[in-house]
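Asker: My questions will all concern the structure given below.
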Amino acid sequence: MLNAVGAVLVVAALAGLWECYKALGRAVDDVVPGTGIAFPVATDDLSMPHVWSILGALVEPARRGDSMALGSYLLGETSVTLREAFYGLVAGSSLGLVLAVVFLHVVPLSKGLMPWLVASQTVPLVAIAPMIVIWGGKAGAPPWVAVTGIAAYLAFFPVTINALRGMKSPPKVQLEFMRSVGAGRWQVLGWLRIPAALPFVFAGLRLAATASVVGAIVGELSAGTGRGIGRAILTFAYYYSNGPEKLYAAVLVAAAAGIVFVQSLALIERVALRHRHTR
-6 MLNAVGAVLV VAALAGLWEC YKALGRAVDD VVPGTGIAFP VATDDLSMPH
44 VWSILGALVE PARRGDSMAL GSYLLGETSV TLREAFYGLV AGSSLGLVLA
94 VVFLHVVPLS KGLMPWLVAS QTVPLVAIAP MIVIWGGKAG APPWVAVTGI
144 AAYLAFFPVT INALRGMKSP PKVQLEFMRS VGAGRWQVLG WLRIPAALPF
194 VFAGLRLAAT ASVVGAIVGE LSAGTGRGIG RAILTFAYYY SNGPEKLYAA
244 VLVAAAAGIV FVQSLALIER VALRHRHTR
């Protein structure tokens, strides 16, 4: 309850800052008094709609002649994006866990491949996404598969790093005890290293969940799926001058969906580790 209240207060504070900035800009015509320096962001209604205009757009029709409210339309599109992000998270985290186990037991491979994994995350996503879309199209896969692949591409790295760190976290005395009772490599992995790595894995999953949502949205912009919150954002950007509040509403719903997605993982983590003793 305390976290929920804190989140509401933060959102209210951000909305208040938005409106205060807009009111100040309107009062001085977007110019700092006495300096001639323009405000970094214009405060007219086209550039910065009022918060209540953005929220009000959610209950208005999404299109002319359509009875469906914008909020309902955006939620439907967001469900498509979250499904693609979930598939990408599952695929990426599975790959990340496998790589972590391999790197743990094959140190030369870890030293050889880790720099390339790091380098793969520095390549701009807008450059990688079209390549994945083209490869998926050449293979005859539907567009959503390419979107899932882009989400998985962003999701695997934080899981790999955190899982590997977690599996290396058991104290040396515990490892020596396992060896003293005749435990093999896989028994040590299953009975000691993986349980010790769970908090690290969930931390990586939260990061991966955020990245998978971003990857799915960017992937929808490149894949031409026709569905998803990414395509909705692109559509409203085309018609921005006719309804800027719709674009802001779409971005707001996408952000809220990402928060819910990550918090769902946090809830699963709390349930999974509820009996875990902490020191």
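Read left to right, the sequence shown gives residues -6 to 272 (the working numbering). Just so you know, even glycine gets a beta-carbon here, dropped at the ideal spot from N, CA and C.
Name the DSSP beta bridge partners of P54, please?
Answerer: For P54, which the question treats as bridged, DSSP gives the partners A62.
Asker: V119 lies in the alpha helix (DSSP H); which residues open and close that run?
Answerer: L118 to K131
Asker: Cβ atoms of V152 and G197: under 8 angstroms apart, would you say?
Answerer: In contact: G197 and V152 (Cβ atoms closer than 8 angstroms).
Asker: From this set, L260, V264 and R269, which residue's C-alpha is nearest N(-4)'s C-alpha?
Answerer: Cα-wise, what sits closest to N(-4) is L260.
Asker: Answer with buried or exposed for M160, where buried requires no fewer than 16 other C-beta atoms within 10 angstroms of its C-beta.
Answerer: buried
Asker: Who are the near neighbours of L191 in its chain, counting only those whose CB is closer than 8 angstroms to its CB and skipping five residues on each side?
Answerer: Cβ neighbours of L191 beyond the five flanking positions: G159, A265, L266 and R269.
Asker: How many Å lie between L258 and S103 at the Cα?
Answerer: Rounded to the nearest angstrom, the two C-alpha atoms are 28 angstroms apart.
Asker: Could you check where the alpha helix (DSSP H) with A249 kicks off and where it finishes?
Answerer: Note, A249: alpha helix (DSSP H), P237 to A265.
Asker: Grouping DSSP H, G and I as helix and E and B as strand, with all else coil, what is A8?
Answerer: helix
Asker: What separation, rounded to the nearest whole angstrom, lies between the Cα atoms of I47 and A225?
Answerer: Roughly 15 angstroms between the two C-alpha positions.
Asker: When you compare the CB positions of T141 and G81, do they come within less than 8 angstroms of one another, or not?
Answerer: yes
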